[in-house]
Amino acid sequence: MAVRAIGQRAVGVSRRAEAVGFEAFYVEHHRRVVGLGYALTGSWSTAEEVAQEAFLRTYQRWETVSGYERPDVWVRTVAANLARSRWRRLGTELRALTRLAGSRESQPDGAPELLPAETEAFWRAVRSLPRRQAQVVVLHYLEDLPVADVAAAIGAAEGTVKSTLHRARRQLARQLDETEGDA
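For the sequence shown, our numbering assigns the number 15 to the initial residue and increments by one for each residue that follows.
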């Protein structure tokens, strides 16, 4: 009976140590993961939800994830994938609602502007890029991850990330030039 109690206490201690390690990881990276979610979705509330889900999944797999060389890249990858999945789901919902309503409606009048005026056009342009390009732009420029880390986060070769960044920059330049010409 004493051996069993000792074994249980040892397990309790290791779980406590894991929880403390995760807590420090969470405190260190939470703000940046929320920022990543915001850049990809344009909504603080959605960004918080994406970050919360990403950290929940990280916590559930913490024993494995904490052994990775860059667990922060893992949680950012999860957050980016969740944001992408949300885009897909919202796009499907929008198409369904549009069919039901018979017309497309834009954001309702009086809705709060979530991005500062000087950056709103830029992030709108980023969100209009193909999803992979938007993901790479946000990870590289907002998260300040080197190309190698971006490649690891999205599961692609470094050359693929470089060419994706190049195409994204060209597309953003075209879109932003058109926006300035309209102003």
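Don't be surprised by glycine CBs; every beta carbon is placed ideally from N, CA and C.
Status (buried if at least 16 other CB within 10 Å, exposed otherwise) for residue i
i, result
"Gln74", "exposed"
"Tyr52", "buried"
"Val79", "buried"
"His43", "buried"
Helix, strand or coil at residue i [DSSP, three-state]
i, result
"Ser59", "helix"
"Gly169", "coil"
"Arg98", "helix"
"Gly35", "helix"
"Tyr73", "helix"
"Arg84", "coil"
"Glu134", "helix"
"Glu42", "helix"
Nonlocal neighbours in the same chain, by C-beta distance under 8 Å from residue i, ignoring five residues either side
i, result
"Gln189", "Ala139, Ser142"
"Arg98", "Leu54, Arg145, Gln149"
Nearest-angstrom Cα separation, counted from residue j out to residue i
i, j, result
"Ala61", "Leu70", "14 Å"
"Asp86", "Glu67", "14 Å"
Cβ-based neighbour list, residue i, same chain, cut-off 7 Å, excluding 5 preceding and 5 following
i, result
"Tyr40", "Phe69"
Start-to-end residues for the alpha helix (DSSP H) that takes in residue i
i, result
"Val151", "145–151"
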